[in-house]
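So the sequence shown is numbered by the numbering used here: it starts at -12 and just counts up by one.
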Amino acid sequence: MDATADPAIVEEISQIFHRHRLPLETVQAQEFAVYLALLERWNSAINITSIRDRRNAIERHFAEPAMAMSLLGGAGPNILCAGSGGGFPGLPFKILDSARECVLVEANNKKASFMREVVETLELNDVSVLEGRFEEMLACGELEAGSVHILTSRAWTGWNGLLGLGASLMVPGGRAVVFVGEETLRALRRYLSAGALDVLATPDPEWAPAVHAGWTIRRILTLPHLDKGYAVSLEIPPD
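Put into structure tokens, the structure is as follows:
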């Protein structure tokens, strides 16, 4: 790693992970500390994230993806993080499991540049930052169909659209991990519960692509730091 971690930040990150009973190796705490220091420096000049308080940033950007790691169990190694912004949750997933391969897609030039600096500074292997709109990359074939094991996003607007668009990228039995509030969770449950195709002759047109792709809810995880916030694991049919 081409940087020195601030011991005070390392300790604060370690304490928060310990409080949530989340496993964290020393080197991972150091990588998160360097990541956070870069985020704070960039945030002082441009808006990478609206969360400026350090403790809240650790909770939201690092601890919550760590909680969601349990939703990745059994899935293949390839992660695609759409609308990645500051790299969340794709880069935390990578830091916590270095064997994974991660593609980060972001349309904003400055945010993409920030992620490249994080990847370079932490010397992360098998991470690609693609600059452009997810929808446009998909339409022109820049993203390989049938190659993604895990589709994820933290800040996507319109999860129905992401799931509908992203379905073609997934391997059979591939998984999505999304972070949602109460209202979106209700919509996911309504349209993507097992057997939804049988009970919904005319689904909401906006949800139709996701429904017809066959996504079903696999597991729901309540996030304690958020008021009615959830990480949801969904699965595409195995064949």
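Glycine is no exception: its CB is placed at the ideal position from the N, C-alpha and C atoms.
Since the model is a prediction, treat every value here as computed from it, not as a measurement.
Provide the residue span of the alpha helix (DSSP H) that contains G151, from first to last.
Translated into positions along the sequence shown, residue 151 becomes position 164. W146 to G153 is the extent of the alpha helix (DSSP H) around G151.
Do you know offhand how far A154's Cα is from I223's?
Here residue 154 refers to the residue found at position 167 when the sequence shown is read from its first residue. Here residue 223 refers to the residue found at position 236 when the sequence shown is read from its first residue. Straight-line Cα distance between these residues: approximately 7 Å.
Check whether K98 and G73 have beta carbons under 9 Å apart
Residue 98 sits at position 111 when you count from the first residue of the sequence shown. Residue 73 sits at position 86 when you count from the first residue of the sequence shown. Cβ atoms of K98 and G73: closer than 9 Å.
Reduced DSSP category for A132 - H, G, I as helix; E, B as strand; rest coil
Reading the sequence shown from its first residue, position 145 is the one you call residue 132. A132 falls in the coil class under three-state DSSP.
Could you tell me which of A(-5), R173 and L9 sits nearest to A20, measuring between CA atoms?
Taking the first residue of the sequence shown as 1, we reach residue 20 at position 33. Answer by Cα proximity: A(-5).
Going straight from the alpha carbon of E118 to that of A44, what length do you get?
Here the question's residue 118 lines up with position 131 in the sequence shown. Here the question's residue 44 lines up with position 57 in the sequence shown. Rounded to the nearest angstrom, the two C-alpha atoms are 24 Å apart.
Does the region 37 to 52 come close enough to the region 115 to 133 that 3 or more CB-CB pairs lie under 8 Å?
Under the Cβ criterion (8 Å, minimum of three pairs), the region 115 to 133 does not count as touching the region 37 to 52.
In this structure, what does DSSP give as the bridge partners for L91?
One-based indexing of the sequence shown puts residue 91 at position 104. Answer is C68 and V116.
With C-beta atoms as the reference, is S220 less than 9 Å away from R162?
The sequence position of residue 220 within the sequence shown is 233, counting from 1. The sequence position of residue 162 within the sequence shown is 175, counting from 1. Cβ atoms of S220 and R162: closer than 9 Å.
Nearest by alpha-carbon distance to G77: which of A94, R141 and E131 is it?
Taking the sequence shown and counting its residues from 1, the one referred to as residue 77 is at position 90. Ranking A94, R141 and E131 by Cα distance to G77 puts R141 first.
Per-residue burial, E18 [other beta carbons within 10 Å of its own, 16 or more giving buried]
For this step, residue 18 is matched to residue 31 along the sequence shown. That one is buried.
May I ask you to list the residues that DSSP assigns as paired with R162?
Locating residue 162 in the sequence shown gives position 175, where the first residue counts as 1. Answer by DSSP bridge pairing, in chain order: I137 and E222.
My guess is that S1 and A16 are in contact by the Cβ rule of under 8 Å, so how many angstroms apart are they, rounded?
Position 14 of the sequence shown, counting from 1, holds the residue named residue 1. Position 29 of the sequence shown, counting from 1, holds the residue named residue 16. Cβ atoms of S1 and A16 come within 8 Å of each other, at about 5 Å.
Closest Cα partner of F49 within the set P159, G168 and H7:
Position 62 of the sequence shown, counted from the start, is the residue given in the question as residue 49. It is H7.
Quick check on I207: does DSSP put it in helix, strand or coil?
As a working mapping, residue 207 is identified with position 220 in the sequence shown. Strand.
Cβ atoms of P192 and L152: under 9 Å apart, would you say?
Residue mapping note: residue 152 aligns to position 165 of the sequence shown, counting from 1. Residue mapping note: residue 192 aligns to position 205 of the sequence shown, counting from 1. No, the pair does not count as a contact, with Cβ atoms beyond the cut-off.
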